[in-house]
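Chemist:
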Amino acid sequence: MADTLFCYHCRMHHPKEEMRSIMTKAGKRYRCKKSIEATKKGREERDAYGREVTAMNRAEAQSRARILASSMGAAAAAATTTGT
Ligand SMILES: [Zn+2]
62 MADTLFCYHC RMHHPKEEMR SIMTKAGKRY RCKKSIEATK KGREERDAYG
112 REVTAMNRAE AQSRARILAS SMGAAAAAAT TTGT
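Going letter by letter, the sequence shown gives residues 62 to 145 in my numbering.
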C-alpha cells in the first residue's frame, strides 16, 4: 500500500512505478502513464481528423510548394554545373 500514489485523473491509487509527477496550478500532482497516453492518443486522433478536414487545402498548398522547391532545386543544380 505504501508504494501507491493517488492519480488525480482516475481519482484512485496506482502503483508508484506507473505514476508520473505533473506540475499543475494547484501544485504537484500525480497521474498514471496510462491516462497520459490515453490523452495523447485522443489528441492525435483529433489532430488526424483536423488534418483530414484541411487535407484538400493543404494538398493544394503543398503542390504549389513542390513546384517552387523543384524550380529552386533546378536553379541550384544549374549553379553547381556552371561552377565547375
Ligand atoms: Zn490513473
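Every residue, glycine too, gets a C-beta built ideally from N, C-alpha and C.
Please confirm if the segment 70-80 is in contact with the segment 88-102, defined as three or more CB-CB distances below 8 Å between the two stretches.
Modeler: Contact between the segment 70-80 and the segment 88-102 is present, because at least three Cβ pairs lie under 8 Å.
Chemist: R81: beta carbon under 7 Å from a heavy atom of ligand 1?
Modeler: Not under cutoff, so the answer is no.
Chemist: What did DSSP end up calling Y69 once you bin it into helix, strand or coil?
Modeler: Residue state, collapsed to three classes: coil.
Chemist: Taking the Cβ atom as the reference point for each residue, do K77 and T65 lie within a distance shorter than 8 Å?
Modeler: Yes, these two residues count as a Cβ contact at 8 Å.
Chemist: May I ask you to report which of helix, strand or coil DSSP gives K95?
Modeler: Correct three-state label for K95: helix.
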